[in-house]
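By numbering that gives the first Met the number 0, the letter at position 152 of the sequence shown is numbered 151, and the numbering carries on one by one without gaps. Where is the CB? At the ideal position from N, CA and C, for every residue including glycine. What you are looking at is a predicted structure, and each value in this text was computed from that prediction instead of being measured. Here the structure is laid out as structure tokens; the discussion comes afterwards.
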Amino acid sequence: MKFLSYLINGLSLGSVYAIIALGYTMVYGIAKMLNFAHGDVIMVGAYAAFACIMNAALPPYAAVLVAIVVCTLLGILIETIAYRPLLSAASSLAVLITAIGVSYFLQNGAMLLWKSDPKSFTSVVRIKGLNLFDGRLQISAETIVTIITSVIIMIVLIWFVQKTKPGHTRQAVS
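Printed below as a string of structure tokens:
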């Protein structure tokens, strides 16, 4: 049973890595740029959700929506301020160095705002997990939702790229 538990937890973590890798791949495939701040933007979104739940007492789903908006706006801000001015740079190394700088900026800004001690907040998932094999294999609801959500995101992204005009445009650009 331990093997199945490890396998399911590995699938859950791997699906999160796959979504992050898809983000890197989309940015690199279209813009030919490695955005090292990609994970840091996700971290800022997590802290935004944390602040909404703990400080503003928003319901978890509202906090997730706020986090999505914060990540979107932060991405637009970073692109406008840091990356767009460098698109005509003679060297792609300038964009790479800027991406590393933005990453450090977001990491250190988060440490200044929220300190470096671990944080935890209640789960946004309100369904029950699964108990299989007379309770010897327990799969948390968070694990189930993570895997299902990741698969849905991957399917929608594949559909978007292969079946829509904006998706075809992105393929043509890359």
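(message) So if DSSP puts L136 in a beta bridge, which residue, or which two residues, is it bridged to?
(response) Its beta-bridge partners are L131.
(request) Determine the closest residue to V82 out of S149, K31 and L131, with distance taken between C-alpha atoms. (result) The sequence as given places Tyr at residue 82; Val does not occur at that position. The option with the nearest alpha carbon to Y82 is K31.
(message) Please report the distance separating the alpha-carbon of S115 from that of M53.
(response) As the crow flies, the alpha-carbon of S115 is around 17 Å from that of M53.
(request) Measure the CB-CB distance between F35 and S102 and report whether it falls below 8 Å. (result) It is a contact, given that the beta carbons lie within the stated cut-off.
(request) Kindly list the residues whose CB is nearer than 6 Å to the CB of G22, restricted to its own chain and excluding five residues on each side of it in sequence; keep chain order. (result) Around G22: H37.
(message) Going by DSSP in three states, L10 sits in which element: helix, strand or coil?
(response) Helix at L10.
(request) Keeping to the same chain, check which residues put their C-beta closer than 7 Å to that of L112; ignore five residues upstream and five downstream. (result) Beyond the five residues adjoining it in sequence on each side, L112 comes within less than 7 Å, by CB distance, of no other residue in the same chain.
(request) Look at I143 and L129 and say whether their C-beta atoms are less than 8 Å apart. (result) Cβ distance < 8 Å, so I143 and L129 count as in contact.
(request) Look up V80 in the DSSP assignment and say whether it is helix, strand or coil. (result) The displayed chain sequence assigns Ile, not Val, to residue 80. Here I80 sits in helix by DSSP.
(message) Less than 8 Å between the beta carbons of V26 and L105, yes or no?
(response) The answer is no: Cβ separation not under 8 Å.
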